[in-house]
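Numbering of the sequence shown is given in the numbering used here, commencing with residue 21 and proceeding in unit increments. Where is the CB? At the ideal position from N, CA and C, for every residue including glycine.
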Amino acid sequence: MKFDCIIIGSGLAAIWSAKFLNEAGFSTLMVTKNQVWDCNSFYAQGGVTIANDEKDMPLHIEDTLKAGSFYNKKEAVEILSKSSLKLRDELAKYGFRFEPNVTKEGAHSVARVYHKGGDATGREIHKFLFNKDKSFFLDEALVFDILVDNDVAYGISVLHKNKKYNIYANNVLIASGGIGALYKYDTNARTIAGEMQGLAIEKGIKLKDMEMTQFHPTVFIEMKFSQKLLLTEALRGEGAYVVDENGKRFLFNYDKRGELASRDIVSRAIFLHQQEGHKVYLDVSMFDEEFFQKRFPTIYYKLKDYDINVPYELIPISPAFHYIMGGIEVDLNSKVTGFKNLYAVGEVSNTGVHGANRLASNSLLECFIFGKRAAKEIIKQNFKTENKKFEINSEELFKNDDKKYKNLLREQMWKNVGIIRTKEGLNEAIEFIENSMDKVGRMAKLRFLTAKEIVKSALERKESLGAHYRIN
Ligand code: SIN
């Protein structure tokens, strides 16, 4: 069977693209590594940014550029903001309604972030859209190759139920998300490990801005699972404080916006304060318990499980890896540079909208806007691949020591490719990666390739910019 489009991933970018493809009569196969909800969209707490009106658009653009250190692709940001104006109505027509009140998050000049289910926006949107999805679906399927020849993608190789096989298509759309599992502390779904970025490197597909990795400032990391609990920006947006063990709101020493500075600044400030020996907490005691429970139910119940009596008790926090701005280089229709029928959407892509640091709650928006643009482009081009058969890559997918090396990589990335970077640290990371790469199976090797690209780009960019901060 050959599909019109294979979609790698099952998050918002994947589902929203599939919607338009299916409406145009294109068949889609959605392939996901684990379960459908094992994606970052599902866990998104902060909401979807939507410019309030035509008048707010220039301000949303300005906030996005400012947060991104003006390194963003302006044309892409303008498309993002302008297209956002119609999104709420489009979703409402499809049957999805946000809660009516908008909220403010870090580095937004005004309130313009929409939510649903309090802090469960991603889950609510994902559940709603997935219920309407008409794709064929393959879960628990590991994509270990993309079949490309020159400037055409022909399909993918998967491992499914212990069998390896190729699946062919007229178009391939990569919507596999970011790289969370490369870092010791991260907020991402457990499946998100940067393997598709590694495949891109292997195939000579261009990646851009891979040094631009974002650390979320307020994460509860004292959990037994690798995925740590995000404490949404909306908490600070709605009044929570960041304090140290003396109750001091020290963020003002770093930026006059305090808790509402962009997340690169807040993360760095917390990290530096911790390095000076301080403990750092989120103080949510200004919220009424009933309000807190209703507005932030995910956080409320998760923290209660860990015996933290919110909103009365301080929540210990740390920054943790959250999002990568870099990714597969694409044009304004999310088509991969140099390819006729290969697309990338969402976090795995680099549209240029986020620049050197993403503005809070612009990521789900990007999935919606560029997911639709990719689908429309696929429909317009109506590209057909010739029937071509590919050999299956015979490399061993897993080796005995994979887990050990994956964990060592996470330590290295956190220590040397984290919030503050030095030449010595980056060189140590590269050396570790190069020495470990041939000790692991193919799937882990793809992670290592991605990690190497991040470190290489971080070494090449000698100056600090946005989320990339070098002290030498
Ligand atoms: C958050 O809720 O703080 C995260 C939102 C985002 O990553 O944009």
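Where residue 146 is concerned, there is no enclosing beta strand (DSSP E), although the alpha helix (DSSP H) around it starts and stops at 141 to 152. Bridge partners of residue 25 according to DSSP: 48, 191. Under DSSP, the beta-bridge partners assigned to residue 370 are 349. Inclusion of residue 383 in the 6 Å shell around the ligand SIN follows from its C-beta lying nearer than that to a non-hydrogen atom of the ligand. Distances between the C-beta of residue 253 and the heavy atoms of the ligand SIN include at least one below 6 Å. When C-beta atoms of the region 201 to 219 are compared with those of the region 293 to 309, fewer than three pairs fall below 8 Å, so the two segments do not count as touching. Distance from the CA of residue 428 to the CA of residue 351, rounded to the nearest whole angstrom, comes to 35 Å. For the pair of segments examined, the region 190 to 205 was found to touch the region 21 to 34: the number of CB pairs separated by less than 8 Å reaches three. The DSSP-derived three-state label of residue 316 is coil. Around the Cβ of residue 231, a 10 Å sphere holds 16 or more other Cβ atoms; the residue is buried. The beta carbons of residue 355 and residue 363 sit closer together than 7 Å. Residue 206 counts as buried, since no fewer than 16 other beta carbons sit within 10 angstroms of its beta carbon. Taken in chain order, the unbroken stretches of alpha helix (DSSP H) that lie wholly in the region 259 to 301 and span 4 residues or more are 283 to 295. Within the DSSP secondary-structure output, residue 123 pairs in a beta bridge with 133. Non-local beta-carbon contacts of residue 87 in its own chain, meaning distances under 6 Å to residues more than five positions away in sequence, involve 127, 282, 377, 379 in chain order. When DSSP states are grouped into helix, strand and coil, residue 361 belongs to the coil group. Judged by their CB atoms, residue 271 and residue 258 are not nearer to each other than the 7 Å cut-off. Collapsing the DSSP output to three states places residue 376 in coil. Per DSSP, residue 175 is not a residue of any alpha helix (DSSP H); the beta strand (DSSP E) it occupies stretches across 172 to 180.
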